[in-house]
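Worksheet for the structure shown next.
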Amino acid sequence: MSHDPKKINRDYASLAPFFSQRLQMAIQEAQDQGLSIDFFEGYRSPNRQDYLFEQGRTREGKIITKARAFQSWHQYGVAADLCFKIDGKWAWSKSDPWDKVHEIMDDFGFEMLSWEKAHVQITAGMSISKAEKIVQDHGLMVLWSIIESDRTGPRN
Numbered sequence: 606m607s608h609d610p611k612k613i614n615r616d617y618a619s620l621a622p623f624f625s626q627r628l629q630m631a632i633q634e635a636q637d638q639g640l641s642i643d644f645f646e647g648y649r650s651p652n653r654q655d656y657l658f659e660q661g662r663t664r665e666g667k668i669i670t671k672a673r674a675f676q677s678w679h680q681y682g683v684a685a686d687l688c689f690k691i692d693g694k695w696a697w698s699k700s701d702p703w704d705k706v707h708e709i710m711d712d713f714g715f716e717m718l719s720w721e722k723a724h725v726q727i728t729a730g731m732s733i734s735k736a737e738k739i740v741q742d743h744g745l746m747v748l749w750s751i752i753e754s755d756r757t758g759p760r761n
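One rule links them: number in my numbering = place in the sequence shown (from 1) + 605.
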C-alpha cells in the first residue's frame with residue numbers, strides 16, 4: 606500500500622506509544638506555559654521521506670531534510686516535528702522561542718537537533734543503522750521496547 610508522499614501524518618497513534626504519550630504531555634506543558642507550539646508531523650513513510658529529500662535537489666523548493674528513507678527516526682515512530690501555531694495557522698519563524706520549547710522537551714526526555722529546531726526524537730543514543738538492523742531482525746516493537754526501557758520517563 607502506497608501513501609501519498611505529500612500528505613503530512615499528524616496521527617499520534619502512528620508513533621511509538623511511549624513517545625506519543627510523552628509528546629502529548631510535553632506539548633500540553635508548553636501550551637500551559639503560554640507557548641503556541643503544536644504537533645506538526647510524526648511518522649513518515651519511506652516514500653514521504655524520499656519525497657521530502659528530493660525537494661531542493663531534484664524538485665523545486667528549499668532543501669528541508671538531510672535524510673533519505675530509513676535515515677530518519679520519523680520512519681521508526683520516535684521522532685516528531687513541532688511548529689508554532691498563530692491564529693490557527695502554522696508559523697515557521699527562527700525568532701520563535703525555541704529555547705523555551707527545548708527546555709520543556711528536554712525535561713520530558715526528548716533529544717533535539719542543533720540544526721533543526723522543530724525536530725524532537727527519542728533514540729536512547731542509538732545509531733540509525735543499529736535501529737534499522739533491530740527492526741529487520743526483530744521488528745519495530747522490539748526497537749520501541751529497547752528505546753523505551755532506556756528512557757523510562759520525564760526528568761521533571
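Every residue, glycine too, gets a C-beta built ideally from N, C-alpha and C.
When the Cα atoms are used, what is the spatial distance from residue i to residue j?
i      : j      : result
Phe561 : Ile613 : The chain is shown from 606 up to 761; residue 561 falls before or after that span and cannot be answered.
Leu640 : Ile727 : 22 Å
Leu657 : His707 : 24 Å
Lys667 : Asp742 : 36 Å
Gln654 : Asp704 : 27 Å
Considering only the beta carbon of each residue, do residue i and residue j sit closer than 9 Å?
i      : j      : result
His608 : Glu646 : no
Ala621 : Phe715 : no
Ser698 : Ile733 : no
Leu687 : Ile752 : no
Val725 : Ala685 : yes
Pro651 : Phe689 : no
Glu762 : Phe713 : The structure shown has nothing for residue 762, since the chain only spans 606 to 761.
Of all the options the options, which has the alpha carbon lying nearest to the alpha carbon of residue i?
i      : options                   : result
Asp755 : Met710, Lys722 and Ala729 : Ala729
Asp637 : Asp692, Ile709 and Gln741 : Ile709
When burial is assigned at 16 or more other CB atoms within 10 Å of the CB, is residue i buried or exposed?
i      : result
Leu718 : exposed
Ser700 : exposed
Query raised in the report: For the stretch 671-748, which segments carrying the beta strand (DSSP E) assignment without a break, of at least 3 residues, lie completely within its bounds, in sequence order?
Result: 684-691, 694-696, 716-718 and 721-726
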